[in-house]
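Notes follow once the structure below has been shown.
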Amino acid sequence: MLPDELKSRKLEEEFIFSASRSSGPGGQNVNKVSTKVELRFSVINTLIFSEKEKALILKKLRNKINKEGELLLVSQDGRSQSENKNLVTEKFYDLIAKALTIPVKRIPTKPSYSSRLKRLDEKKIRSDVKRQRRTGKEPFEP
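Residue 133 in this note's numbering sits at position 133 of the sequence shown, with consecutive numbering throughout.
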């Protein structure tokens, strides 16, 4: 699932933002202004995702979800609160999109007959080279 598809679902209505003092860049401004932004999103209580999607999110993002079922994300990289708010929102959409993407199952393949013969020929040549180094008597013939 793409982040743009998620944006069309109007998830922002359920976001809870809080701000606090950041330890990031900003010089003396860091001591005066609350630029660190924390985003909380209740995965359990949302009506936007189906039960199957909720289960996927809870399973894949369990390290970022607290006991109350809230997804917690923090941004303090920017110098302003609005910049950090945009950064944490983008981070949220990327994480959710990645969590809801089901990986394509790999189909195992077999090596072709010619590739197996080529591999065996290369092994034989390598073996001959090493044998020649040992004894020094047998000539090298590819």
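For each residue, glycine too, the CB sits at the ideal point set by N, CA and C.
Note that this is a predicted model, so its numbers are computed, not measured.
Paired residues, beta bridge with residue i - DSSP
i   : result
V74 : E38
I65 : L71
Euclidean distance between Cα positions of residue i and residue j
i    : j    : result
N86  : K67  : 26 Å
S80  : K32  : 12 Å
E53  : N45  : 13 Å
R126 : P111 : 21 Å
F92  : S20  : 19 Å
Host alpha helix (DSSP H) of residue i (start-end)
i    : result
F92  : 81-100
I143 : It is not possible to answer for residue 143, since the shown part of the chain is limited to 1 through 142.
Beta-carbon proximity of residue i to residue j, cut-off 9 Å
i   : j    : result
L73 : L56  : no
E13 : R40  : no
A99 : K130 : no
S42 : S34  : no
Residue i burial status per 10 Å Cβ neighbour count (16 or more: buried)
i   : result
N63 : exposed
K36 : buried
Start and end residues, beta strand (DSSP E) containing residue i
i   : result
I16 : 16-20
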